[in-house]
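Notes to accompany the following structure.
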């Protein structure tokens, strides 16, 4: 898993680290792609899209993300780290950052390695390998 | 031991903080106290409070609700022979002191820091949860800027006072200041 603020060079770093894999773009990929893709970037946008969908549909795919560690154990996940600001006044935005946080926490707990990229520099904060 | 724990929203700070206080509790008969600061207004905060209550169930915490004037809690803590305290969290306390009628208003930072100092004098271990609130740059009113400023001031003072500071990143503890 690779996390960090926006525009910090996360994807460049990920592609260097894993040059061979096929990537899904969380901003517009079909939802089911997380089951099979080698890596997904903009996971935060994927979560946001699902949450904007109708309730039932959304729940199914949010559940899929919770189980990602067993469904697609080799996947590389790249996500913006959000939730470092004031509590947003909009209820959806509050729910979004809370949900994104919980899902990323779950994925990080299943991950073998978690790297955090700041200004293009990656720091490994978890390594079980 | 004074341990400050910070991080973003939904990052698992609370669970980590609860586990740390249980970890520090060594003496038999030492009471664990949870100072809850979230004022229950509206369904969303009530849901949040219930979630936290579920999380710490069975861990042996006694909960004391305290929205302002943290120093006043010392009278309650004195009743125990030995206590370890979890304060959750500074971002709520700050909002309460700034905006509640009985809050300290312009002396918010001083009020909170004095309160924490008083708790630290009585408790064997104090774990404090705070929040990173200043790293997103959407437009802020002067009021919001003021809040971030007070939070920043309190966090810096607490980190200086603490023996250990940890940032929790998606459940992963990243040490910022190590135990002396």
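Chains as they are written, first to last, in our numbering: chain A, 5 to 133; chain B, 153 to 332.
For glycine and all other residues, C-beta sits at the position ideal for the given N, C-alpha and C.
Owing to the predicted nature of the structure, the values given are computational and were not obtained by experimental measurement.
- Of the residues assessed, residue 75/A falls on the exposed side of the cut-off, its CB having fewer than 16 other CB atoms within 10 angstroms.
- Residues of the segment 297-331 of chain B that bring their beta carbon within less than 8 Å of a beta carbon in chain A comprise 299, 300, 321, 322, 323, 324 and 326, in sequence order.
- Beta-carbon to beta-carbon, residue 211/B and residue 170/B are separated by about 6 Å, close enough to satisfy the 8 Å threshold.
- Rounded to the nearest angstrom, the Cβ distance from residue 102/A to residue 161/B is 6 Å, consistent with a contact under 8 Å.
- Around residue 314/B, the same chain offers 154, 155, 156 and 329 as residues with beta carbons nearer than 7 Å, after the five sequence neighbours per side are excluded.
- The beta carbon of residue 66/A sits closer than 8 Å to the beta carbons of 51, 54, 55, 103 and 107 from its chain, once the five residues preceding and following it are set aside; these are given in chain order.
- The C-alpha of residue 37/A is placed about 46 Å away from the C-alpha of residue 185/B.
- Under the three-state reduction of DSSP, residue 156/B is assigned to strand.
- Taking C-alpha positions only, residue 128/A is separated from residue 118/A by approximately 6 Å.
- Assignment of residue 37/A by DSSP, reduced to helix, strand and coil, places it in the helix class.
- The beta carbon of residue 173/B sits closer than 7 Å to the beta carbons of 184, 236, 238, 277 and 279 from its chain, once the five residues preceding and following it are set aside; these are given in chain order.
- By the neighbour-count definition (other C-beta atoms within 10 Å, threshold 16), residue 291/B is an exposed residue.
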